[in-house]
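Everything on this sheet refers to the single structure shown next.
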Amino acid sequence: MWTYVPFLAPLFFLSLVHADDPYRFFTWNITFGDIYPLGVPQQGILINGQFPGPDIYCNTNDNLIINVHNSLTEPFLISWNGLQQRRNSWEDGVEGTTCPIPPGQNFTYILQVKDQIGSFFYFPSLNFHKAAGGFGGIRILSRPLIPVPFSDPSGDFTVLIGDWYKTNHTALKTKLDNGKKLPFPDGILINGHASNGASFTVDQGKTYRFRVSNVGLQNSLNIRFQGHKMKLVEVEGTHTLQNTYSSLDVHVGQSYSFLVTMDQAPVDYYIVVSTRFTSNVLTTTAVLHYSNSGTRVSGPPPGGPTVQIDWSLNQARSIRTNLTASGPRPNPQGSYHYGMINTSRTIRLANSASLINGKQRYAVNSVSFIPSDTPLKLADYYKISGVFRLGSISDNPTGQKEYLDTSVMPADYRTFIEIIFENKESIIQSWHLDGHSFWVVGMDGGQWSPDSRKEYNLRDAVSRCTTQVYPKSWTAIYIALDNVGMWNVRTEFWSRRYLGQQFYLRVYTPVNSIRDEYPIPKNALLCGRAAGRHTRPL
Numbered sequence: 001m002w003t004y005v006p007f008l009a010p011l012f013f014l015s016l017v018h019a020d021d022p023y024r025f026f027t028w029n030i031t032f033g034d035i036y037p038l039g040v041p042q043q044g045i046l047i048n049g050q051f052p053g054p055d056i057y058c059n060t061n062d063n064l065i066i067n068v069h070n071s072l073t074e075p076f077l078i079s080w081n082g083l084q085q086r087r088n089s090w091e092d093g094v095e096g097t098t099c100p101i102p103p104g105q106n107f108t109y110i111l112q113v114k115d116q117i118g119s120f121f122y123f124p125s126l127n128f129h130k131a132a133g134g135f136g137g138i139r140i141l142s143r144p145l146i147p148v149p150f151s152d153p154s155g156d157f158t159v160l161i162g163d164w165y166k167t168n169h170t171a172l173k174t175k176l177d178n179g180k181k182l183p184f185p186d187g188i189l190i191n192g193h194a195s196n197g198a199s200f201t202v203d204q205g206k207t208y209r210f211r212v213s214n215v216g217l218q219n220s221l222n223i224r225f226q227g228h229k230m231k232l233v234e235v236e237g238t239h240t241l242q243n244t245y246s247s248l249d250v251h252v253g254q255s256y257s258f259l260v261t262m263d264q265a266p267v268d269y270y271i272v273v274s275t276r277f278t279s280n281v282l283t284t285t286a287v288l289h290y291s292n293s294g295t296r297v298s299g300p301p302p303g304g305p306t307v308q309i310d311w312s313l314n315q316a317r318s319i320r321t322n323l324t325a326s327g328p329r330p331n332p333q334g335s336y337h338y339g340m341i342n343t344s345r346t347i348r349l350a351n352s353a354s355l356i357n358g359k360q361r362y363a364v365n366s367v368s369f370i371p372s373d374t375p376l377k378l379a380d381y382y383k384i385s386g387v388f389r390l391g392s393i394s395d396n397p398t399g400q401k402e403y404l405d406t407s408v409m410p411a412d413y414r415t416f417i418e419i420i421f422e423n424k425e426s427i428i429q430s431w432h433l434d435g436h437s438f439w440v441v442g443m444d445g446g447q448w449s450p451d452s453r454k455e456y457n458l459r460d461a462v463s464r465c466t467t468q469v470y471p472k473s474w475t476a477i478y479i480a481l482d483n484v485g486m487w488n489v490r491t492e493f494w495s496r497r498y499l500g501q502q503f504y505l506r507v508y509t510p511v512n513s514i515r516d517e518y519p520i521p522k523n524a525l526l527c528g529r530a531a532g533r534h535t536r537p538l
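Residue numbers (my numbering): 1 to 538.
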């Protein structure tokens, strides 16, 4: 049971952000409301009455001040998928770092999109709320003086895709709490709508940018535009080689940005999204509406790939960094020569599924994560013993029978490490690390070994924050641990995360300097064993 101290008004946030950079203020009211995405009524989570929630538009280095009022009947948290929150894991919005917002109270998130560009999303992280909505898109534009490697598009669309259940999130959560697996989803949504419910109006001859995020619960999805090609330009903050695709796999938790030129006859076309690697293929559509069209979409939508793993693997390998493009700073992205840096540590992470105490659980290196009664970040800051143990998860698969623990892995600030995700199961996995981006240097089928490094891409691997791991395969990443904090490492397969397939990486420095990490915010909520403590002198 969480115990709270009274909310401290966020009157002092200006000391935590850069006064020279612009501010963007948001006020969000979180409520339950009736929604009908698959034709049946169910309880959804609305932000200012919207499902999905409103987009966040901003520029590199902007300060985001987001005041969230929790009008639900239960605690609530929002997390920011892909925002690196430099020196500021206090605002991460997951239960290991942040106290939930109690019902009837509010909390102001203080974020800066420092040195970031690109396409991301936010979502609710507690109590399986993600199955009810509460998510929305984030787009971070480059500063005006920083060149972008393509002409300004005529429009910029957010496209949120994901699998969906007709069942309320409360019933799904109860099923998981009782140790059961979830059934196969009931459908696919595009911006909160089933087939042909979403529409995008375009002008013939013009080019538009589409930012696609898979905000679903478990399924990899394929997106395609009938009669049109997609030119990939950005992946989770990295400008990419501008390869052209007929369809694109977007794995759960991932975001892509591509350009589509309206170079076809002036009629309406399907935008199609379908599940990948499933025996039962779910499909939904949206409408690409030419403004001068007199013909509505009709007939069957174009088919796409289904279970072809090699096809998807080869596509993933083709997605690479554009070394000549600028990122959020004027220097080219390729000026960071990650392939010339020696790694100081290798971590191998293996996912598994098993029954623990007769209930379905999921684990990383045999440890199935259980939340503590106090956020780990607060326990670390206040030196509260008994909340977690450093080293409670191994650097390598142990082969042990799965067990429960509040798993935290120690890591040193400013080290450069290698992580191998090993997936011996027959499902596809998707892994995310909060607070950082990493280079996806290799992926292949079978068992990883040191010889696998000979095939790594050490020149132009894409840098991103979420990567897939194919069935009975491995994926290798390089990462610079340049962000102090307590950071969630998780599967994006949400029922697996809820049932333990996650842990926290404590990136630590003994130097107590604001250059490395901001102090605890003065408006921080304090709960659990941290209740009653002080933040900082007012």
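Here a beta-carbon is modelled for each residue, glycine too, at the ideal position from N, C-alpha and C.
- Cβ contact annotation for A530 (same chain, cutoff 6 angstroms, sequence separation greater than five): T374, L378, Y382, in chain order.
- Under the three-state reduction of DSSP output, Q315 falls in the helix class.
- In this chain, the alpha helix (DSSP H) harbouring R496 covers 494-498.
- Looking at the DSSP output, L160 shares a beta bridge with S213.
- Taking A411 as reference, the option from S368, V273, V484 with the minimal CA-CA separation is V484.
- In the DSSP assignment, the residues bridged to D34 are Q43.
- With contacts defined by Cβ atoms closer than 8 angstroms, S326 and F120 do not form a contacting pair.
- Separation of L376 and N243 (C-alpha to C-alpha, rounded to the nearest whole angstrom) is 42 angstroms.
- Nearest in C-alpha terms to L38, of all of P185, I45, N70, is P185.
- Rounded to the nearest angstrom, the Cβ distance from M262 to Q204 is 5 angstroms, consistent with a contact under 8 angstroms.
- Here S293 has P266, V267, D268 as same chain residues with Cβ atoms under 8 angstroms from its own Cβ, once five neighbours each way along the sequence are excluded.
- Setting aside the 5 residues that flank it on each side, T535 is surrounded in the same chain by I520, K522, A524, each with a C-beta closer than 6 angstroms to its C-beta; the list follows chain order.
- Comparing alpha carbon positions, the residue from Y478, A132, F128 closest to I35 is A132.
- Using a 10 angstroms sphere on the CB of K401, the tally of other CB atoms stays under 16, which defines it as exposed.
- DSSP, reduced to helix, strand and coil, places T170 within a helical segment of the structure shown.
- Between H129 and T201 the beta-carbon gap is near 32 angstroms, outside 8 angstroms, which marks them as no contact.
- In the three-state scheme derived from DSSP, where H, G and I count as helix and E and B as strand, D115 is classed as coil.
- Below 8 angstroms, enough C-beta pairs join the segment 206-216 and the segment 152-167 to call them touching: three or more.
- Distances from the CA of C99 to each of F76, I117, T158 were compared; the closest alpha carbon is that of F76.
- One Cα belongs to V250, the other to N357, and the distance between them is close to 35 angstroms.
- The alpha carbon of G446 has as its nearest neighbour, out of S426, T31, M340, P153, the alpha carbon of S426.
- Cα atoms of T31 and F493: separation of roughly 25 angstroms, rounded to the nearest angstrom.
- The Cβ atoms of V68 and I110 do not sit closer than 8 angstroms to each other.
- Considering only T275, I420, H239, Y498, the residue with the shortest C-alpha distance to L248 is T275.
- D249 sits in a strand when the DSSP states are folded into three classes.
- Annotation: the continuous alpha helix (DSSP H) that includes K377 extends over 376-382.
- When only Cα atoms are considered, M486 and G187 end up about 35 angstroms apart.
- Pairing G33 with K173, the inter-Cα distance amounts to about 18 angstroms.
- In the DSSP assignment, no residue is bridged to M340.
- DSSP, read as helix, strand or coil, puts G485 in strand.
- For the pair R329 and R296, the Cα-to-Cα distance works out to about 44 angstroms.
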